[in-house]
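Q:
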Amino acid sequence: MVIASHPMPSNMMGMSNMYWKASSRGQFTIKIAYKHQATNELHGTLGDPTWRMVWKCEGPERIKSFLCLMAHNSLLTNERKVVRNWSDNPYCHLCQSKVEDTTHILQDCPTVINI
1 MVIASHPMPS NMMGMSNMYW KASSRGQFTI KIAYKHQATN ELHGTLGDPT WRMVWKCEGP
61 ERIKSFLCLM AHNSLLTNER KVVRNWSDNP YCHLCQSKVE DTTHILQDCP TVINI
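Counting in the UniProt record's numbering, the sequence shown runs from 1 upward without gaps.
1) Quick check for students: name the residue ranges of the alpha helix (DSSP H) that lie wholly in the UniProt domain "Reverse transcriptase zinc-binding" (28-112), counting only runs of 4 or more.
2) Looking only at its chain, what residues have a beta carbon closer than 8 Å to the beta carbon of Val54, apart from the 5 residues adjacent to it on each side?
3) Does the beta-carbon distance from Gln107 to Ile113 come in below 9 Å?
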């Protein structure tokens, strides 16, 4: 039997083996996965000093999440909504004069400056 041009494994072909490169023995463990990620090899988030600083702060998780999104320029601003085709208006809903990006909404918007 052939599926998508690849023959099905059979007993004659031997058993399939999975090998995880992050482990010297090729075995997956949560401990090794965490160390792998923490050394900035897998995703790079734990090795980022901004990420570490935000998550070591004392305070509510929602504030930490907001700071992390802000630090990585990932807040859902009108500019990002337009890129994702969720909106057709990239302008700030408070001042209506500039494109709403992270810097504008948190620092440059005239309405926010007064707060």
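Just so you know, even glycine gets a beta-carbon here, dropped at the ideal spot from N, CA and C. If you're wondering where the values come from, they're calculated on a predicted model, not measured in any experiment.
A: By the coordinates alone:
1) 30-38, 49-56, 61-71, 78-83
2) Lys64, Leu67, Cys68, Ala71
3) Yes; because the gap between Cβ atoms is below 9 Å, this pair is in contact.
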